[in-house]
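Beneath this line is the structure, given in structure tokens, with notes to follow.
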Amino acid sequence: MTYPLPTDTRHTNLETRQYDVFGMDLGEGIPRSAIKVAALLFTPWLLLLLVLDAPLMTGVWPTVWISPPLVATWLLTSRDGSGRVRLRGARDAVVFWVIRSHRASIVNAGTTTPTEPGPIFTDAQYVVLPSTVSEISA
Amino acid sequence: MSILTPRVRGRRSLVEAPLQTPAAMGDGITANANGTAWAWTTIPTRSTDEVNTSELFRLTDLAANELVSCCPPGAQFHVKVQWSRWSGQDHVDTELAAVGPHARDGQRDLIAVSGERIDQLASPRRQVLFGLRVDEESSSGSVDAWRQRIGTRAEEAAAAEALQRRVKRAAAWRSRMAGSSLSAATATVHELSWALRRDLRRTVDWLPTSSVVSRGQIARLRGGRVTPYADHLRIDTDAGTRYLRCLVPSVTGFPAVDLALPGGEWLQHLIFRTEDGGPFPVEVSIRGRILSARDAAKRLRDALSLCKEQGREAAKGHAEEAPEDISESREALSGRLAELSNRQVVMVTDTPTWLVEADDLDTLNDRTAAVTDAYAGMGIELWGGRHNQDALWMSTVLGDTQRTAEFEQLRPLQTLTGSWFHGGSRVGEDTGPYVGLNVGSTPGPYRSRLSNATRDGDPGTTVMVGRSGAGKSTAVCLHLLGEAVYGAWTLLTDFKGDLHGITDIARRYGVRVTEVSNLDVDAGLMCPFRYVTDPIEAASMSTDLLLMLIHPSLAADAETRIRRAATEVATRDRDSYGPPSTAAVIELLHDSNQPEDCSLGAALADTALDPLARPFAGPRQEHAGDLPTGAGLVYLRLNLDLPEAGHPPEQWRPRGRMSMAAVKAVFMYCAYLSGRVHGIAKVLALTELHLLTPHQMGRTMIGSAARVGRALDTSVLLDTQACVELTSIDGLADQISTVYAFRVKTLDEATAQAALLELDPEPRTLQRQKSLPSGQCLVLDRWGRIAPVQFDYITDDIATALNTNPERDTGPDGEVAATTDASTDPALGDDQDDRAVVAGGGPPRARLVKIGADQ
């Protein structure tokens, strides 16, 4: 005798597949997330090689045209320990190290975090004072 | 809105937005500067470690249904499970208040050493807060917002009205929660302040004392520094830097169908253990939302549509059908939609976050591994966030918000209530002498005062059952010591002679002790004529006792003679013949000129000299004092030689008859004396009853003692190895309010114990009863709660005094006498503390002693 404790996240967080592209059958299908990432990676890479007038069919160049974005697509769309695609983890790392001041401490529950400065007006008649203290600290 | 004020827009900005904490707190409510308001309750611990499976299911359903009725659809909730430490000082303050302003030195001493012991054990103490956001405005609130924008409503008036609505909404919700089976109480300012300080600082050195907290007090609570790293955070505390890591379930980390009760209570057991370290508690924060039926149905239908689309697309090409998980999801979603439409389920989205804490990074990694391994065993995958520890941590802080939706779980509300975040091992009294440690999922000091049951009108019989060497006698003595020190009248029968140590230790704590034994000095002390006021009643009781000394075949003829003599002794002039006594009855028969009377008297006179009969039939020793009727301990020591089990009275040996008569005299004496004690608590402890229960007479005496105990407002403590025989006594079960079930050997005994504990005889229950360690038992308290308890000697001197292991002399090979087992204590080993570390002085008075195999 058991009492089930189900969770439906797996059923609502499905990895959908694309089974055909422009009428071309893709067999067992390609994950749509991979297609989107591939499009984002292949497009600038191919454009770059086109601009650089890279050879297409000689020597190792066919590999150079395909492999880097392909490997990057595979890497970024594979799942990490969080269950997300690695692209998300890469985004978090970029945000953590580059965009947010990494290792910036949260002091006194963030009350000392400076707010972003707004536009500075030199004409006094356009200076608007906040009516309540809460607006300043928001 | 001022153009100088930055706005927070979109999910990405939410991750980077500064931490939000309350700007003001009152009892049951917190309010942020940005207008967010939360209502708060504390959920007391339920005792669910040992409930029957069917009861567990019923309670899970009940909790889910009541949360649905208490919380409006669409409401955000926040559950916080946090740990502090049980405080010895709290125990001391509570107990000194209970014993009153005129506490004796012995009472203060016992309370003080108990407090030291509680501090030493440093058991984690859990607090569960359940909060509901109350500032998400209804349509009327939106109308007000528009009026404000177009200038038809004063801002202050709107704010005041909004505040009033929120306060009313919060109060109404708290009232509904209090009336539910969760028995939620309004969270006090003290509790909310502690929770916030714990979030931000980990150690709590100061708490406000006012009923409303704002401004400077809030600023003081917020003080501290938290530095996020890629995979952990470092928090400055009063005891140095603490390392913290937030774990969340992976995106699909919860199993779809494999988690179930019993065994799937995924938040009940939050004390983990590393391989080489001690146990450590883990805190949990769950932010979520109770979805309205419409929102839930939309989510499920959208997912179902996607499943159908995948099926159609796959069918068009070579794949022919979608992967198996798509078809499984389609079936599950259809079923869930049907349940939703039938109102069988309410859906929630929630993000649980586990907070693992340590003093250094290596320990943090070990503990993280221990927690993730433990949950992996339940099929739940946890992930220690990388590059988002700050966002995950901020989401757990009181007053903040959910910052990431990636790890949100969608499930029926029953899965959340089935986690039993509020379950545990609560048992015992809230006040009273400390006698042991609750070693269940929510550990803590176990306090017990048996006499409280009769004070409150509950049945007053407590039973201790278990095999020899399991620790019952020690438990009896610890209870009695506490009762006696606290001012009760207590009486302990010792039929084996190994409990004498209690008299020494009781005297050391200022208890008046009176000892009674088979020795000459106590001859006649339990003679009915000595303590029964009505001499005719005494004569009747004396007759019964004397008849038990005679072989049953001769009793019929002897009864008339003995009764006549007893009546004559009871009614004759005392000045001429001296005070009446059972010895005087024997003497009257012996001096009779009737040959039969004389012969009978001679036989009884010889018998009365035997140590077994001496206490009630021996000649009265004038210098022996009467037994006390005030506070103290009466220790009755009788070396018995009871009849063999299964023998009818006709086959009893003379010593067997005398022993049964002595026991009868003790029971008569106890019952009568307890009736004479008034105005104070009374506790009667009858030990080794398995020596009596094989005999019908013994079972009758025990049942009678329990019934008389209730009538005389006396708590009766029964100690026996034979649970099966005890449960066969008519009417006893109705008198039992508390059960201590120690280790047993046989399946029959385990089954009988399960019946006493009101548990179904499931295999795991029976197996556990057969494998409990020494000194540990399952306790069923008078409120029906069950939890495991480990009894505790508290100090070395108590351990030495109450040890019942036989001592051995030092032999030629230097073998040392085995006394107490001074192994390390069952303390949890983590140095997590709410107070700043205090520099040590001398060694503490209370040394750690674990109860060994003694009886």
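For the record, the sequence lines run as chains A and B.
Residues in the first sequence are numbered from 1 upward in steps of one, following the numbering used here.
Residues in the second sequence are numbered from 1001 upward in steps of one, following the numbering used here.
Ideal Cβ positions, reconstructed from N, Cα and C, are used throughout, including at glycine.
Assignment of beta-bridge partners to B:Tyr-1243 by DSSP yields B:Arg-1234 and B:Ala-1358. In the DSSP assignment, B:Thr-1461 falls within the beta strand (DSSP E) that extends over 1461-1465. Boundaries of the beta strand (DSSP E) harbouring B:Phe-1272: 1271-1273, taken from the DSSP string. In this structure, B:Gly-1784 is the residue among B:Lys-1745, B:Gly-1784 and B:Arg-1699 with its C-alpha nearest to the C-alpha of B:Val-1739.
For the 8 Å CB-CB criterion, B:Ala-1602 and B:Leu-1545 do not form a contact. In the DSSP assignment, A:Asp-20 falls within the unbroken beta strand (DSSP E) covering 17-21. Legend: CB atoms of the stretch 1322-1335 of chain B lying less than 7 Å from CB atoms of chain A belong to residues Ile-1326, Ser-1329, Ala-1332 and Leu-1333. Taking a beta-carbon distance threshold of 8 Å, B:Gly-1418 counts as an interface residue toward chain A.
By a beta-carbon distance limit of 8 Å, B:Ser-1250 contacts A:Ser-82. Their separation comes to about 5 Å. Below the 7 Å Cβ cutoff, chain A contributes Phe-96 as neighbours of B:Ala-1230, in chain order.
For B:Trp-1383, the nearest CB of chain A lies under 8 Å from its own CB, placing it at the interface with that chain. The DSSP-derived three-state label of B:Pro-1208 is coil. Chain order gives the chain A residues near B:Ser-1250 as Gly-81, Ser-82 and Gly-83, where near means a beta carbon separation below 7 Å.
In this structure, B:Thr-1401 and B:Gln-1020 form a Cβ contact; the two beta carbons are roughly 6 Å apart against a cut-off of 8 Å.
About 5 Å separates the beta carbon of B:Thr-1060 from that of B:Gly-1418, a gap short enough to meet the 8 Å contact definition. Nearest neighbour of B:Ser-1659 by Cα position, chosen from B:Gly-1698, B:Ser-1674 and B:Ile-1029, turns out to be B:Gly-1698.
Within the same chain, and ignoring the five residues on either side of B:Ser-1329 in sequence, the residues whose Cβ sits closer than 6 Å to its Cβ are Cys-1307.
With respect to chain B, the C-beta atom of A:Leu-5 has a partner C-beta closer than 8 Å. Look at B:Leu-1259: its C-beta is under 8 Å from a C-beta on chain A.
Residue state for B:Asp-1135 is assigned as coil, using DSSP reduced to three classes. Taking a Cβ-Cβ threshold of 8 Å, none of the residues of chain A is close to B:Cys-1477; the smallest such distance is about 41 Å. Here A:Met-57 is exposed: its Cβ has fewer than 16 other Cβ atoms, across all protein chains shown, within 10 Å.
Contact of B:Ala-1755 with chain A is not assigned, every C-beta pair being separated by 8 Å or more. Separation of the CB atoms of B:Arg-1169 and B:Val-1134 is rounded to 5 Å, and the pair is thereby assigned contact status at 8 Å. A Cβ-Cβ distance of about 19 Å is found for the pair B:Gln-1409 and B:Glu-1283, leaving them out of contact under the 8 Å criterion. For B:Trp-1489, there is no enclosing alpha helix (DSSP H); the residue is part of the beta strand (DSSP E) that begins and ends at 1489-1494. Apart from sequence neighbours up to five positions away, the residues of its chain that approach B:Ala-1296 with a beta-carbon distance below 7 Å are Leu-1340 and Met-1347, ordered along the chain. For B:Phe-1791, the closest C-alpha among the options B:Leu-1361, B:Leu-1121 and B:His-1269 is that of B:Leu-1121. Taking CB atoms only, A:Ser-105 has a neighbour in chain B less than 8 Å away. Looking at the DSSP output, B:Cys-1777 bridges to B:Val-1789. Between the alpha carbons of A:Ala-90 and B:Gly-1179 lies a gap of roughly 49 Å. A direct Cα-to-Cα measurement between B:Ser-1553 and B:Glu-1650 gives close to 7 Å. Annotated three-state conformation of A:Ile-30 is strand, per DSSP. For B:Leu-1244, not one C-beta of chain A is nearer than 8 Å to its own C-beta.
Look at the stretch 1072-1084 of chain B: it has no residue with a C-beta under 7 Å from a C-beta of chain A. When Cβ-Cβ separations below 8 Å define contact, B:Lys-1316 makes contact with chain A.
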